[in-house]
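In my numbering, the protein residues as written are 528 to 899.
Below: one structure, written as structure tokens.
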Ligand SMILES: C[S@@+](CC[C@H](N)C(=O)[O-])C[C@H]1O[C@@H](n2cnc3c(N)ncnc32)[C@H](O)[C@@H]1O
């Protein structure tokens with residue numbers, strides 16, 4: 528799978544689009560407001576720049592992209608009021624892979640003006656917004672040119688499916704029955720995914736270190752896993768339910784077995800310990816804040832306890848959240864004809880699963896500052 532070509536969220540603003548179904552990710556962005564405020568406010572007070580460059584890496588399309596930009600503008604506006612300074616001119620870069628629906632973002636940019644204007648008591652911050660296509664696993668900016676990087680729920684997408692995962696052992700595909708790390712994945716599959724994430728994340732840190740100005744900062748979030756439960760974390764459960772749905776289609780002759788055997792997601796959700804170890808090993812950033820919080824795959828389920836009020840409705844909500852992320856990858860590998868059937872089976876499987884437990888998973892949020 529060529530990840531850069533195949534990975535993208537469902538385009539547009541229709542019923543199954545990412546724009547219409549990214550409430551889960553919006554919750555993460557909103558939960559990170561204090562971290563964002565501390566980081567962006569800190570950079571501004573430290574440097575009092577006249578020009579400030581901010582980039583959102585893996586911005587996708589839809590309301591979340593606008594939330595990030597308007598939050599940063601609001602923070603700067605508040606800071607300028609507090610220290611009685613003229614606001615800096617702000618340049619925002621919205622980055623994602625080339626297949627991202629940048630047009631959707633550009634067409635909704637006027638909403639940022641409305642959000643910002645609606646903020647009472649703020650001063651107007653001149654800002655310029657540009658789309659920046661390209662992989663964040665490569666250089667995106669000149670050296671020491673960016674003040675702040677934001678990236679929310681994007682870094683779990685690794686740059687490639689680890690090469691050897693496609694191997695066979697005794698005539699059987701190495702990761703038979705799974706589309707990512709799953710209950711029956713052998714230790715080698717776990718090791719290959721971990722090593723790929725470690726390579727990618729280390730490389731990402733080095734690239735951003737080069738691009739950040741001295742004292743520049745980053746706020747990153749991504750889904751995580753419990754260190755002690757590597758085969759069966761919250762996210763693994765979701766992928767296992769997708770695999771089960773695909774398998775039922777293989778049994779009915781609707782999907783070729785060979786197609787399923789060769790489908791593995793370029794996805795790795797690390798434990799907090801792994802992320803911390805990579806940052807410390809690299810030695811390029813100080814960890815300012817590191818938080819882990821629990822998320823529910825159904826973004827409309829606000830109950831903290833384990834009670835599921837309506838498992839069918841909740842299964843449908845989880846399905847929308849997953850479909851808008853996976854559909855392009857599924858359609859590219861299996862063909863678009865299977866998509867409706869697959870996600871209808873997935874919704875049934877999630878609803879059944881919810882009778883046993885909620886699909887909760889840990890989420891990691893980290894604020895990093897470039898070392899001197
Ligand atoms: C789940 S979406 C999150 C989008 C947005 N940040 C949010 O919180 O709603 C993940 C995004 O990361 C992008 N992405 C994944 N790998 C990437 C890479 N190597 N470079 C740039 N963007 C990438 C995907 O295309 C996708 O749009």
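We put the beta carbon where it would ideally sit given N, CA and C, even for glycine.
Through-space distance from residue j to residue i, alpha-carbon basis
i, j, result
"residue 861", "residue 744", "41 Å"
"residue 863", "residue 850", "12 Å"
"residue 741", "residue 596", "22 Å"
"residue 677", "residue 690", "29 Å"
"residue 704", "residue 778", "12 Å"
"residue 564", "residue 599", "8 Å"
"residue 618", "residue 535", "25 Å"
"residue 808", "residue 673", "23 Å"
"residue 824", "residue 834", "14 Å"
"residue 801", "residue 766", "21 Å"
"residue 883", "residue 831", "16 Å"
"residue 584", "residue 702", "31 Å"
"residue 669", "residue 732", "15 Å"
"residue 769", "residue 858", "14 Å"
"residue 878", "residue 771", "13 Å"
"residue 750", "residue 783", "31 Å"
"residue 728", "residue 876", "33 Å"
"residue 658", "residue 671", "20 Å"
"residue 541", "residue 796", "28 Å"
"residue 706", "residue 528", "13 Å"
"residue 559", "residue 775", "39 Å"
"residue 895", "residue 803", "11 Å"
"residue 715", "residue 868", "32 Å"
"residue 794", "residue 654", "34 Å"
"residue 845", "residue 736", "36 Å"
"residue 719", "residue 651", "49 Å"
"residue 681", "residue 758", "21 Å"
"residue 603", "residue 546", "26 Å"
Enclosing beta strand (DSSP E) for residue i [first to last residue]
i, result
"residue 877", "Run containing residue 877: none in the beta strand (DSSP E); it sits in the alpha helix (DSSP H), 866 to 881."
"residue 656", "654 to 660"
"residue 738", "Run containing residue 738: none in the beta strand (DSSP E); it sits in the alpha helix (DSSP H), 714 to 738."
"residue 546", "Careful: residue 546 lies outside any beta strand (DSSP E) and carries neither H nor E."
"residue 673", "673 to 679"
C-beta contact flag for residue i and residue j at 8 Å
i, j, result
"residue 578", "residue 614", "no"
"residue 891", "residue 816", "no"
"residue 624", "residue 679", "no"
"residue 791", "residue 692", "yes"
"residue 553", "residue 576", "no"
"residue 762", "residue 870", "no"
"residue 631", "residue 538", "yes"
"residue 533", "residue 855", "yes"
"residue 656", "residue 621", "yes"
"residue 566", "residue 806", "no"
"residue 847", "residue 548", "yes"
"residue 798", "residue 726", "no"
"residue 474", "residue 738", "One cannot answer for residue 474 here, as it falls past the ends of the chain, which runs 528 to 899."
"residue 593", "residue 639", "yes"
"residue 685", "residue 723", "yes"
Beta bridge counterpart(s) of residue i as assigned by DSSP
i, result
"residue 771", "None; residue 771 has no bridge partner."
"residue 893", "747 and 817"
"residue 618", "580 and 655"
"residue 823", "887"
"residue 699", "696"
"residue 664", "Answer by DSSP bridge pairing: none, since residue 664 is not bridged."
"residue 684", "794"
"residue 623", "660"
"residue 812", "897"
beta-carbon residue i near ligand 3 non-hydrogen atom, thresh 7 Å
i, result
"residue 541", "What this structure holds is ligand 1, not ligand 3."
Residue i, enclosing alpha helix (DSSP H) - first and last residue
i, result
"residue 609", "590 to 610"
"residue 805", "799 to 809"
"residue 562", "560 to 574"
"residue 849", "838 to 861"
"residue 533", "530 to 533"
"residue 632", "629 to 634"
Interface flag, residue i vs chain B, CB-CB below 8 Å
i, result
"residue 739", "The structure shown has no chain B; it contains just one protein chain."
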